[in-house]
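Below: the structure, in structure tokens.
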Amino acid sequence: MAKTGRNSPCFCGSGKKYKHCCYGKDAEPLKLWGDDSDWLKIRRTEGEIVYEILNYAATNYPGLLEEALHEFTFWGEYELNDEHIEAIFCPWVAFNWVPEPTKGESPISYPDDILALEYLEKNSDKLDVYKKAFIYTACSQPFSFFAVKDTVQGKSIELYDIFLNRNFTVKEAQASKTLRRGDIVFTKVLLLDGQAIMVGMAPIAIPPSEHIKLLSVRDGLKKEMSDDGFTFNVESLLEWDAEMREIYLELAEYLMHPPRLQLRNTDGEEIKFVKLYFDLQCSPQMAFDALQPLAVDQKAILGQAIRDEKGELLEVTFSWLRKGNKKHKSWDNTILGQLTIKGASLTAEVNSKNRADKIKSEIKNRLGKNAVFKRALHESIDAILDEIEAQTKDQSTKPESAEQKELPEELRDVIRRHLKKHWEGWYHEPIPALRNKTPLQAARTAAGRELLEALLIDYERRNEEIIDPLLRVDVDEIRKRLMSPTT
Numbered sequence: 149m150a151k152t153g154r155n156s157p158c159f160c161g162s163g164k165k166y167k168h169c170c171y172g173k174d175a176e177p178l179k180l181w182g183d184d185s186d187w188l189k190i191r192r193t194e195g196e197i198v199y200e201i202l203n204y205a206a207t208n209y210p211g212l213l214e215e216a217l218h219e220f221t222f223w224g225e226y227e228l229n230d231e232h233i234e235a236i237f238c239p240w241v242a243f244n245w246v247p248e249p250t251k252g253e254s255p256i257s258y259p260d261d262i263l264a265l266e267y268l269e270k271n272s273d274k275l276d277v278y279k280k281a282f283i284y285t286a287c288s289q290p291f292s293f294f295a296v297k298d299t300v301q302g303k304s305i306e307l308y309d310i311f312l313n314r315n316f317t318v319k320e321a322q323a324s325k326t327l328r329r330g331d332i333v334f335t336k337v338l339l340l341d342g343q344a345i346m347v348g349m350a351p352i353a354i355p356p357s358e359h360i361k362l363l364s365v366r367d368g369l370k371k372e373m374s375d376d377g378f379t380f381n382v383e384s385l386l387e388w389d390a391e392m393r394e395i396y397l398e399l400a401e402y403l404m405h406p407p408r409l410q411l412r413n414t415d416g417e418e419i420k421f422v423k424l425y426f427d428l429q430c431s432p433q434m435a436f437d438a439l440q441p442l443a444v445d446q447k448a449i450l451g452q453a454i455r456d457e458k459g460e461l462l463e464v465t466f467s468w469l470r471k472g473n474k475k476h477k478s479w480d481n482t483i484l485g486q487l488t489i490k491g492a493s494l495t496a497e498v499n500s501k502n503r504a505d506k507i508k509s510e511i512k513n514r515l516g517k518n519a520v521f522k523r524a525l526h527e528s529i530d531a532i533l534d535e536i537e538a539q540t541k542d543q544s545t546k547p548e549s550a551e552q553k554e555l556p557e558e559l560r561d562v563i564r565r566h567l568k569k570h571w572e573g574w575y576h577e578p579i580p581a582l583r584n585k586t587p588l589q590a591a592r593t594a595a596g597r598e599l600l601e602a603l604l605i606d607y608e609r610r611n612e613e614i615i616d617p618l619l620r621v622d623v624d625e626i627r628k629r630l631m632s633p634t635t
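In the numbering used here, the protein residues as written are 149 to 635.
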């Protein structure tokens, strides 16, 4: 077989040019697949064919590749780096793109079919049966979103087509080393003579947290196709290539430049930290007596208070509480803020403007002239996020501690009881990710179980970042309870 060209896609499956990848170190892929000549054949055929088609286009249609790039990016709406151009743009031009018909008096005449098919027609006598089959197969497959079910590092990846409900085991020497279970890739899978490979894998892996969003996008696309008289299948997805490409490019833009978090409290209010200061014209005890109905357990609060030698109250801090919670039905109370009485001063700390207005009104109604409002300090959430990001960056540069500090067992027991109560309630609470079904309701339908599985895979990925096992979600227990045949 001919040697792979330096500018051809590397046959290891990385999506990079051969000269930027395995050039000069062919021994590694050959060692991995030395006993699998069919795999080497399909990979090298891919590299040769893509290179030949692009050369054909550049030679016969000046300016065509620039036009293709313009269309691929939706006329400049999205930007592509070199990695995207090598990994996905080139295979897309070769096997998916159909140029728009030439208009008016333009001297340029573009092909009216996929470039690979025109190349095959013009060079049929020079191509062997295998290369022809490769071209036909590559042109027959759409780009889609594939979830990684499992990997064998350096060798293969098990993929599930989220949009078309298909399963493949593809041979990959490079991507199998970096992709993890739950990752989602935008690519096309080519199956020829029992060998499956990814052709044109986009370089940005989509995390499991986006799986549920993709399911919603898929269902919306299905409805749109149905309304237009299309059946949702391989052929129609080829026709809707632009829609699929835009879904990926939007996701890639979001993942590369994620928007700032819009944080909200459990009442759905935008979080803005506010600290209100008052001067007291009465004793701390009088102030507490007037404000204590805002708390729940007066005895527990006063047990932590600071008193003078005569037993007079000097300082006390307590939470402003409301029974129940709008968002979390299993919660007994909602903490709305914190009040501190210290000598002749009173401070109230809350996390929204609405709560600041409410506590200011409560203090005025309960203390009247005995509380004189002085000022309110507003802390920017953006400034806090900047500080958190800076601290996170600093922590990432520090060597990891050999030992992690253990929480006191008493505190662990409290956390354990709280988490048990939370997860017992979770099964019965509507979850937005499950389209406002409870987990128990979702488990009763195939569509619901698909959403549940996507959610649980995301939980598994998040668990990997949590050091203390106590704080990890027991995904196995949830699967056992929800995914069993008797659920």
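A virtual CB, placed ideally from N, CA and C, is assigned to each residue, including glycine.
Residue i burial status per 10 Å Cβ neighbour count (16 or more: buried)
{"i": "H218", "result": "exposed"}
{"i": "D186", "result": "exposed"}
{"i": "P587", "result": "buried"}
{"i": "V296", "result": "buried"}
{"i": "L603", "result": "buried"}
{"i": "T299", "result": "buried"}
{"i": "P247", "result": "buried"}
{"i": "K336", "result": "buried"}
{"i": "M631", "result": "exposed"}
{"i": "Y672", "result": "What the structure shows of the chain is the stretch from 149 to 635, and residue 672 is not part of that stretch, so it cannot be assessed."}
{"i": "T326", "result": "exposed"}
{"i": "T637", "result": "Outside the shown range of the chain (149 to 635) lies residue 637, about which nothing can therefore be said."}
{"i": "S324", "result": "buried"}
{"i": "K270", "result": "exposed"}
{"i": "D636", "result": "With the chain represented from 149 up to 635, any question about residue 636 goes unanswered, as that position is not in the structure."}
{"i": "S364", "result": "exposed"}
{"i": "A216", "result": "buried"}
Nonlocal neighbours in the same chain, by C-beta distance under 7 Å from residue i, ignoring five residues either side
{"i": "D520", "result": "It should be pointed out that residue 520 corresponds to Val in this sequence rather than to Asp. Taken in chain order, the residues that qualify are F426, D427, Q429."}
{"i": "R498", "result": "In the sequence on display, residue 498 carries Val and not Arg. Closer than 7 Å at the Cβ level, and outside the excluded window around V498, lie V422, L484, G485, A504, I507."}
{"i": "D341", "result": "D186"}
{"i": "L178", "result": "Residue placement at L178 cannot be trusted, given a pLDDT of 46 that sits under 50; the coordinates are not used to answer."}
{"i": "N413", "result": "I419, N499, S500"}
{"i": "C287", "result": "F243, I262, A264, L265"}
{"i": "Y226", "result": "L397, E401"}
As assigned by DSSP and simplified to three states, the class of residue i
{"i": "S467", "result": "strand"}
{"i": "I352", "result": "coil"}
{"i": "M373", "result": "helix"}
{"i": "N271", "result": "coil"}
{"i": "I507", "result": "helix"}
{"i": "A344", "result": "strand"}
{"i": "I515", "result": "According to the sequence provided, residue 515 is Leu. The question's Ile does not apply to it. Three-state result, L515: helix."}
{"i": "L339", "result": "strand"}
{"i": "D367", "result": "helix"}
{"i": "S257", "result": "coil"}
{"i": "E391", "result": "helix"}
{"i": "H666", "result": "Lying outside 149 to 635, the shown extent of the chain, residue 666 is not represented and no answer is given."}
{"i": "V333", "result": "strand"}
Whole-angstrom distance between residue j and residue i, CA atom to CA atom
{"i": "K628", "j": "S374", "result": "36 Å"}
{"i": "Q289", "j": "P407", "result": "34 Å"}
{"i": "A524", "j": "K501", "result": "11 Å"}
{"i": "L599", "j": "R470", "result": "33 Å"}
{"i": "A591", "j": "L582", "result": "10 Å"}
{"i": "G172", "j": "V198", "result": "Below a pLDDT of 50, predicted positions are generally treated as unreliable, and G172, at 46, falls in that range; the measurement from the model is reported next regardless. Looking at the two C-alpha atoms, the distance is approximately 21 Å."}
{"i": "F222", "j": "N229", "result": "15 Å"}
{"i": "A350", "j": "R597", "result": "28 Å"}
{"i": "D424", "j": "A390", "result": "Contrary to the premise, residue 424 reads as Leu rather than Asp in this sequence. Going by the C-alpha atoms only, they are around 54 Å apart."}
{"i": "Y396", "j": "I626", "result": "31 Å"}
{"i": "I305", "j": "E577", "result": "36 Å"}
{"i": "Y278", "j": "T317", "result": "21 Å"}
{"i": "E613", "j": "F311", "result": "29 Å"}
{"i": "D480", "j": "D367", "result": "37 Å"}
{"i": "W468", "j": "L442", "result": "5 Å"}
{"i": "Y284", "j": "Y267", "result": "11 Å"}
{"i": "D415", "j": "P432", "result": "31 Å"}
Neighbourhood of residue i by C-beta, 6 Å cutoff - its chain only, sequence neighbours within 5 removed
{"i": "I454", "result": "L462, E463"}
{"i": "A438", "result": "R514, L515"}
{"i": "A400", "result": "I352"}
{"i": "A236", "result": "In the sequence under discussion, the amino acid at residue 236 is Ile, which differs from the Ala named in the question. The residues are G348, A350."}
{"i": "R641", "result": "In this structure the chain extends from 149 to 635, so residue 641 is not present and cannot be described."}
{"i": "D309", "result": "S292, F294"}
Sequence-distant residues of the same chain with beta carbon closer than 8 Å to residue i, five excluded per side
{"i": "L213", "result": "L202, A205, A206, V241"}
{"i": "E387", "result": "F378"}
{"i": "R125", "result": "The structure shown has nothing for residue 125, since the chain only spans 149 to 635."}
{"i": "G330", "result": "A295, V296, P355, P356, H359, I605, D606, E608, R609"}
Extract the residue ranges of the alpha helix (DSSP H) inside the stretch 469-500, only unbroken runs of 4 or more that lie entirely within it.
Entirely contained in the stretch 469-500, not one alpha helix (DSSP H) run reaches 4 residues.
Which runs of the beta strand (DSSP E) fall wholly inside the stretch 402-467 and span at least 3 residues, in chain order?
The stretch 402-467 contains these whole beta strand (DSSP E) runs: 421-428.
What residue ranges within the stretch 276-324 form continuous beta strand (DSSP E) runs of no fewer than 3 residues, ordered along the chain?
Qualifying beta strand (DSSP E) stretches, in chain order: 292-300, 304-309, 314-319.
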